[in-house]
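Keeping their order, the protein sequence lines are chains A and B. Numbering follows my numbering, in which position 103 of the first sequence is assigned residue number 103; successive positions increment by one, without gaps. Numbering-wise, my numbering comes out as the position in the second sequence, counting from 1, plus 1000. Each residue gets a CB set at the ideal place from its N, CA and C atoms; glycine is no exception. Keep in mind the model is a prediction, meaning the values are calculated, not measured.
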Amino acid sequence: MDTNETITSEELAAYMAGELDPEQAQRVERWAAQRIDNAEELRRLQETWTMVGSADAPSADTPDVDRAWDRLNARMNEAEGAVVRPLWSTWRTWLAAAAMLAMVFTAYRIWVNVPTVHVAQSTPRTVLLEDGSSVVLSPGAQLSERMGQHRRVEMEGTVYFDVRHDAERPFEVQADDVVVTVLGTSFEVRSATDTSAFAVRVRTGRVRVKAGGAELVLEAGDRARYDKRSLLERTPAPPAEVWGERILQFSQAPLSRVVAELERMYQVHIVLANPSLERCQLTAEFDDEPIGSILQVIAETFALELKRTDSGDYELNGDGC
Amino acid sequence: MDFAPIAAGDRAAFEALFRLHYRPLCAFAMGYLKDGDKAEDLVQELFLRLWLDREKHGGVVHVKAYLYASVRNRCINATHITRRLVPLEDGTHTAAEPTMAEDEHQDRIARVQAAVAALPPERQRIFVLCKYEGLKHQQIADRLGISVKTVENQMGKALKDLRSELADLVPLLPWLFFIGGGDGGIG
């Protein structure tokens, strides 16, 4: 008899579940008989296995952690924003002091035009600016806005802009020594201070980029790159682009690439049943739509059949391109 | 994980703590309350209080143990208020004391549910199909479109996770106190 049986945790689990054939099961029992530690381990596993069986299966609708966090976050903000009511005898004093402080603060802000700063830490953040434009800050990005006669923002990191049209007040983005000027459009700026690398890409409308004495006008679909060593240059757009948090844009993108982007963004698994489907080229834009309807559009575009498998995956099938 | 960064106001650390424990804690609360919405509300309420009173909790070292103990206390408070009311013949209510054994049993059930809910989603799905729905490894592999090898592997890991998570609930054998039972590791 082999006096040195080794047993893996897979085998032990299979033993508990009754998945081992008699010979394999005997091997586990021999292992347990070898040493008191092994016997104890087997006993503990058996106890655990039985104990787990005494509870109900976890309920099928497990809580949605993202939604739960949003809810908690809102309550945290609400609770922290609530002013603690001061004592009756002093509340008037407090109120007067607060009003005074607010007035001084506002006057000071108007006078020196103090910028408002927005920062995104570990998750992307969507911010509505004072002029009604909206921006999406990628993790680590920072932006300060100064809205007066001119709309000026300074930024660092990756920021997507959806600028509200206002011909009277041009919108100016400064990232290090690059300035992007627009009237109303949507575009993204990436700027890394440590490497001085800078990139801008335009989704709609037109923007003007000034850097190192050079100037370029970019239109929808254009992108440009700049760093201290090279000149400002226009580069071709890739077939798949993501804007902000949930806007996807494809321009003659092969379906394999489309599927890869969708899987990443929606955390789903999509199967292309026929390899020739990978060659289909898609040109489309999806603005924060549910994954099911995006795939429906794709299926209709290429006359494919969309199915959901038992395990919840999506499957596209058809003749291909 | 200690509570110091959160006590100092680190929101990202608090979010990480919440995301790590939310599901298992809800499952734990479910063991007492038998109502998913009530369980979620109770856990939400606990985290909200924890954040608002974070400065008072700077000294908490075993955060996980603290969370479970707090949820348990809240659940017991919530259930004892309703459970103790037993209808009398004249239509009024009276209090019924739960026995110690009942409480202990409920604690165990809640701990088990939390431990299963704490398994990573894929592993949990496989484990539930095997243990609670009684499917064979081959059937699970077919249903989820994965290999039998993966099922075996995940089941091994699940059992190992549960064993260490629930270790304190498994009774020791008396003779082990004399021999000094070592921890027979499994590979």
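Query raised in the report: Among residues of its own chain, excluding the 5 on either side of V83 of chain A, which ones have a beta-carbon nearer than 7 Å to its beta-carbon?
Result: Unreliable positioning characterises V83 of chain A in this predicted model, as indicated by a pLDDT of 45, which lies under 50. A coordinate reading is not provided.
Query raised in the report: From the DSSP output, which residues share a beta bridge with Y226 of chain A?
Result: A:F198
Query - E245 of chain A - DSSP class collapsed to helix/strand/coil - result: In this structure, E245 of chain A counts as coil in the three-state DSSP scheme.
Query raised in the report: In three-state DSSP terms, what is A1029 of chain B?
Result: helix
Query - For P254 of chain A, the residue or residues it bridges with in DSSP - result: The beta-bridge partner set that DSSP reports for P254 of chain A consists of A:Q281.
Report task. Label Q1113 of chain B either buried or exposed according to how many other C-beta atoms from any shown protein chain fall within 10 Å of its C-beta, with 16 as the threshold for buried. Result -> buried
Report task. Using a cut-off of 7 Å between C-beta atoms, extract the partners of R75 of chain A located in chain B. Result -> L1048
Requested in this report: Sort B:A1004, B:N1153, B:Q1124, B:L1020 by Cα distance to E52 of chain A and report the nearest one.
Outcome: What sits at residue 52 of chain A in the sequence shown is Val, not Glu. Closest option to V52 of chain A, Cα to Cα, is B:Q1124.
Query raised in the report: Does the beta carbon of R1072 of chain B come closer than 7 Å to any beta carbon on chain A?
Result: no
Requested in this report: Check each candidate in A:V200, A:T185, A:S186 and name the one with the smallest Cα separation from L192 of chain A.
Outcome: In the sequence on display, residue 192 of chain A carries Ala and not Leu. Selected option, being the one with the closest Cα: A:V200.
Query raised in the report: What is the DSSP secondary structure of H274 of chain A, counted as helix, strand or coil?
Result: Reading off the sequence, residue 274 of chain A comes out as Asn, not His. Reduced to three states, the DSSP call for N274 of chain A is coil.
Query raised in the report: Roughly how many whole angstroms lie between the Cα atoms of E233 of chain A and A197 of chain A?
Result: 12 Å
Report task. Output, in chain order, the set of chain A residues within a Cβ distance shorter than 8 Å of L1159 of chain B. Result -> S9, L12, A13, M16, L45, T48, W49
Query - beta strand (DSSP E) segment containing G157 of chain A, residue limits - result: Where G157 of chain A is concerned, the enclosing beta strand (DSSP E) stretches over 151 to 162.
Query - Alpha-carbon to alpha-carbon, K1131 of chain B and E40 of chain A - result: 22 Å
Query raised in the report: Terminal residues of the continuous alpha helix (DSSP H) containing F187 of chain A?
Result: F187 of chain A -> not in any alpha helix (DSSP H); beta strand (DSSP E) instead, spanning 186 to 192.
Report task. Give the DSSP-derived three-state secondary structure of R35 of chain A in the structure shown. Result -> coil
**Report entry** Separation of L1162 of chain B from P1171 of chain B, as counted between CA atoms
**Finding:** 15 Å
Query raised in the report: Taking 7 Å as the CB-CB limit, is L1067 of chain B close to chain A?
Result: no
Query raised in the report: Which of helix, strand or coil does DSSP assign to K1136 of chain B?
Result: coil
Query - Per-residue DSSP class, three states only, for A1034 of chain B - result: A small correction: the amino acid at residue 1034 of chain B is Lys; Ala does not occupy that position in the sequence shown. Residue state, collapsed to three classes: coil.
**Report entry** C1026 of chain B classed as buried or exposed, judged by whether at least 16 other C-beta atoms fall within 10 angstroms
**Finding:** buried
Query raised in the report: Does the pairing of the region 283 to 292 of chain A with the region 241 to 259 of chain A give three or more beta-carbon distances under 8 Å?
Result: yes
Requested in this report: Establish whether the CB of V1148 of chain B and some CB of chain A are separated by less than 7 Å.
Outcome: Not closer than 7 Å to any Cβ of chain A, the Cβ of V1148 of chain B fails to qualify, so no.
Report task. List the endpoints of the continuous alpha helix (DSSP H) containing A13 of chain A. Result -> 9 to 16
Report task. Within the same chain, show all residues whose beta-carbon is closer than 8 Å to that of R1019 of chain B, passing over the 5 residues directly before and after it, in chain order. Result -> Nothing listed; no residue qualifies.
Requested in this report: Run the CB neighbour count on G244 of chain A, radius 10 Å, all protein chains shown included, and call it buried at 16 or more, exposed below.
Outcome: In the assembly as shown, G244 of chain A is a buried residue. Its beta-carbon has 16 or more other beta-carbons within 10 Å.
**Report entry** The alpha helix (DSSP H) enclosing F1127 of chain B, as first and last residue numbers
**Finding:** For F1127 of chain B, the enclosing alpha helix (DSSP H) starts and ends at 1121 to 1131.
Query raised in the report: Between A13 of chain A and G1156 of chain B, is the Cβ-Cβ spacing less than 7 Å?
Result: yes
Query raised in the report: What does Y267 of chain A pair with, by DSSP beta-bridge criteria?
Result: Just to set this straight, residue 267 of chain A is Gln in the shown sequence, not Tyr. Answer is none; Q267 of chain A lacks a bridge partner.
Query raised in the report: Is the shortest distance between the beta-carbon of L306 of chain A and the beta-carbons of chain B less than 7 Å?
Result: no
**Report entry** For R169 of chain A, three-class secondary structure by DSSP
**Finding:** Coil.
Report task. Can you have a look at E29 of chain A and say buried or exposed, based on whether 16 or more other CB atoms are within 10 angstroms of its CB? Result -> exposed
Query raised in the report: From the beta carbon of G1009 of chain B, is the nearest beta carbon of chain A less than 7 Å away?
Result: no
Report task. Within its chain, find whatever has a CB closer than 8 Å to the CB of E263 of chain A; leave out the 5 residues flanking it on each side and keep chain order. Result -> H269, I270
Report task. With DSSP as the reference, please indicate the residues paired to N1153 of chain B in a beta bridge. Result -> N1153 of chain B is not bridged to any residue.
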